[in-house]
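Chains as they are written, first to last, in my numbering: chain A, 1 to 261; chain B, 1 to 261. Below: the structure, in structure tokens.
Protein chains: 2
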Amino acid sequence: MTTRPWSIEECVTNYSGAGIKGITVWRNVLDNKNLEDVRNLLNDFNLEVVSLARGGFFPSTNPQKRSVAIDDNLLAIEQAASIGAPLIVLVCGADGGQSLEKSREQIAEGIIRILPAAQGAGVRLAIEPLHPMYAGDRSAINTICQANDMAEMINSEMVGVAVDVYHLWWDPDLKNEIHRCGKHNNLFAFHICDWNVPTTDFLNDRGLMGDGCINVPQIRSWVEESGFTGYHEVEIFSDKYWATDQKAYLERIKNAYLTKT
Amino acid sequence: MTTRPWSIEECVTNYSGAGIKGITVWRNVLDNKNLEDVRNLLNDFNLEVVSLARGGFFPSTNPQKRSVAIDDNLLAIEQAASIGAPLIVLVCGADGGQSLEKSREQIAEGIIRILPAAQGAGVRLAIEPLHPMYAGDRSAINTICQANDMAEMINSEMVGVAVDVYHLWWDPDLKNEIHRCGKHNNLFAFHICDWNVPTTDFLNDRGLMGDGCINVPQIRSWVEESGFTGYHEVEIFSDKYWATDQKAYLERIKNAYLTKT
């Protein structure tokens, strides 16, 4: 998604050419694709699939929609297994027509419902806490504390947490909660970008590391102290950067990663 | 600010005509005004001044700017006293060029610096925690817990907290922290509006109570349980509503207040 103008084929060839070793695949690029072809493409270019994005969106005031969401998450598990993704990132969802507590109950129910399929497929699930500005419609899990609580309550080695600096940087308890997450072996993914000052769009105005006000090196140090040895995934949604030449942008990302994180 | 297209004269006559008893005056409407005239106008129409908005914006990496901010807050205290406002709401500020911790230190320093003048003028100060989406540039105080911490640390009867549902509705600790705030006699102001789903602008897309997903009656009950007996202030920044007839809008606000809060 960081290089959204590119097809999966362009992502794979260009990432590989740039020396990047891993990729998270978004489901939209899988539409109308043969998943075995995608898996072979990723293998041919030695790109490790870090995760599939995204599952989730469990809550709804409408039971039928909740049922559709379960089916969609089961499909995501199949897709993940098919392309060799060991992890699905969950954007858990929220329905503004009910309380956050109710949405969180439905999130927990949803995860528990899909857990046997995830176990069967060997695909782990990462609860991604989203910034409180998404509490109305995208996620009722808005702090890493809430994600830790839920992962510990579900208490399965298949369920953990995705830490994204964009969503969590402002949290006064972030250091302790990252350490807690690691201590329970729940730190499954680490996403980086930056928070632009000012930010002008709710979705697609993320910054490249160094553009904004997030102390990425500090958060990275907490993540590493917690025993995390996985990929540092650059996840930037940016109308501004998507409008630029993506090859040059990929070089800027690499440079920012090497100097600003 | 809720009826931004109106001058202070239009606000006062229309609010009074609509049976509204109180008003928070924003400083921008005081530009080039004789403050005694404003005070007389408010008195003539029996409008109680709830507060002056806004002071704050203390933090900066530049010491000269911090000094200018102190002067501006001292001016705000004079203005508040001049128009009969017993309270100033503080949008505390943040500078993305330094850590949130550093900005919070400078906020505490700023409040402590202006406290003698506030005491001398009999004007109280309300720390308003702002939504985490404003942590980069508008406030490093992003939870009511942080506001409570700071008010209790400063420990003056002149310093308290402003609770705004827009900023705080998502917070899983909100009920306990509102009760804590009341217990320490720090609940100085209560602002209401709604969170639109989806929200499309960082500043001016607030909803009228009932438009969005905030459970205002529930938060109001926590505020009242905490002993708060002050005004329930409708504070809506909305390009959409500002573009409509403000008299009709005022009636909608009254109706929403009576039926949705």
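All C-beta atoms in this analysis are idealised placements derived from N, C-alpha and C, irrespective of residue type, glycine included. For clarity, every value in this text was computed on a predicted model and none was experimentally measured.
For residue i, three-class secondary structure by DSSP
i	result
Ile77 (chain B)	helix
Thr24 (chain B)	strand
Val223 (chain A)	helix
Glu10 (chain B)	helix
Asp164 (chain B)	strand
Ser51 (chain A)	strand
His131 (chain B)	coil
Ala243 (chain A)	coil
Arg138 (chain B)	coil
Val234 (chain A)	strand
Arg252 (chain A)	helix
His289 (chain A)	Within the shown structure, residues of chain A are numbered from 1 to 261, placing residue 289 (chain A) beyond reach of any answer.
Val197 (chain A)	coil
Ile214 (chain A)	coil
Arg4 (chain B)	coil
Leu174 (chain B)	helix
Asp205 (chain A)	strand
Ala151 (chain B)	helix
7 Å CB neighbourhood of residue i in its chain, flanking five on each side removed
i	result
Leu203 (chain B)	Phe237
Leu168 (chain B)	Pro129, Ile144 and Leu174
Arg39 (chain B)	Ser82, Ile83 and Gly84
Asp211 (chain B)	Asp194 and Asn196
Residue i versus residue j - alpha carbon distance
i	j	result
Met133 (chain B)	Asp171 (chain A)	11 Å
Ser226 (chain B)	Asn34 (chain A)	60 Å
Tyr15 (chain B)	Ser51 (chain B)	16 Å
Leu47 (chain A)	Gly22 (chain A)	5 Å
Asp44 (chain A)	Asp72 (chain A)	29 Å
Val49 (chain B)	Asn62 (chain B)	34 Å
Glu177 (chain A)	Ser156 (chain B)	32 Å
Asn148 (chain B)	Phe58 (chain B)	18 Å
Ile214 (chain A)	Tyr166 (chain A)	8 Å
Asp201 (chain A)	Thr199 (chain B)	10 Å
Met1 (chain A)	Trp26 (chain A)	7 Å
Asp37 (chain A)	Ile112 (chain A)	31 Å
Tyr272 (chain B)	His131 (chain A)	Limits of chain B in this structure are 1 at one end and 261 at the other, which puts residue 272 (chain B) out of reach.
Ala140 (chain A)	Ala94 (chain A)	5 Å
Ile20 (chain B)	Cys11 (chain B)	10 Å
Ala162 (chain A)	Asp194 (chain A)	16 Å
His184 (chain A)	Leu115 (chain A)	18 Å
Tyr249 (chain A)	Met209 (chain A)	12 Å
Leu90 (chain B)	Glu152 (chain B)	16 Å
Gln218 (chain B)	Asp137 (chain B)	30 Å
Leu278 (chain B)	Asp239 (chain B)	For chain B, the structure presents residues 1 to 261; residue 278 (chain B) sits outside this window and is missing.
Asn142 (chain B)	Gly56 (chain B)	14 Å
Arg206 (chain A)	Glu9 (chain B)	42 Å
Asn32 (chain A)	Ser7 (chain A)	12 Å
Met158 (chain B)	Ile107 (chain B)	16 Å
Ser67 (chain A)	Val197 (chain B)	22 Å
Asn255 (chain A)	Val29 (chain A)	26 Å
Leu100 (chain B)	Met150 (chain B)	14 Å
Val234 (chain B)	Leu42 (chain A)	55 Å
6 Å Cβ shell around residue i - same chain, five flanking residues per side excluded
i	result
Gly182 (chain B)	Ser226 and Gly227
Pro313 (chain A)	For chain A, the structure presents residues 1 to 261; residue 313 (chain A) sits outside this window and is missing.
Arg54 (chain A)	Val89 and Val91
Ala117 (chain B)	Leu74 and Ile77
Ala121 (chain B)	Ile77 and Ala81
Cutoff 8 Å; reference residue i; Cβ partners in own chain excluding five residues on either side
i	result
Leu87 (chain B)	Val50, Ser51, Leu52, Ala80, Val123, Arg124, Leu125, Ala126, Phe188 and Ala189
Arg220 (chain B)	Phe190, Ile192, His232 and Thr261
Trp222 (chain A)	Leu174, Lys175, Ile178 and His179
Thr13 (chain B)	Phe45
Ile70 (chain A)	Phe58, Gly110, Arg113 and Ile114
Residues, ordered as in the chain, of the stretch 217–247 of chain A that lie near chain B by beta-carbon distance below 7 Å: none
Against chain A: residues of the stretch 91–114 of chain B by CB proximity under 8 Å: Gly96, Gly97, Ser99 and Leu100
Residues in the stretch 183–197 of chain B having any Cβ partner in chain A nearer than 8 Å: Flagged, chain order: Trp195, Asn196 and Val197.
Contact residues within the stretch 127–140 of chain B, judged by C-beta distance below 8 Å to chain A: His131, Pro132, Met133, Ala135, Gly136 and Asp137
Members of the stretch 198–215 of chain A that neighbour chain B once the beta carbon cut-off is set at 8 Å: If the cut-off is 8 Å between Cβ atoms, the stretch 198–215 of chain A has Pro198, Thr199, Thr200, Phe202, Gly212, Cys213 and Asn215 near chain B.
Against chain A: residues of the stretch 154–170 of chain B by CB proximity under 8 Å: Trp169 and Trp170
Segments of 3+ residues assigned as beta strand (DSSP E) that fall wholly inside the stretch 55–123 of chain B: 87–91
Members of the stretch 54–76 of chain B that neighbour chain A once the beta carbon cut-off is set at 9 Å: none
Proximal residues, the stretch 1–16 of chain B versus chain A, C-beta separation under 7 Å: none
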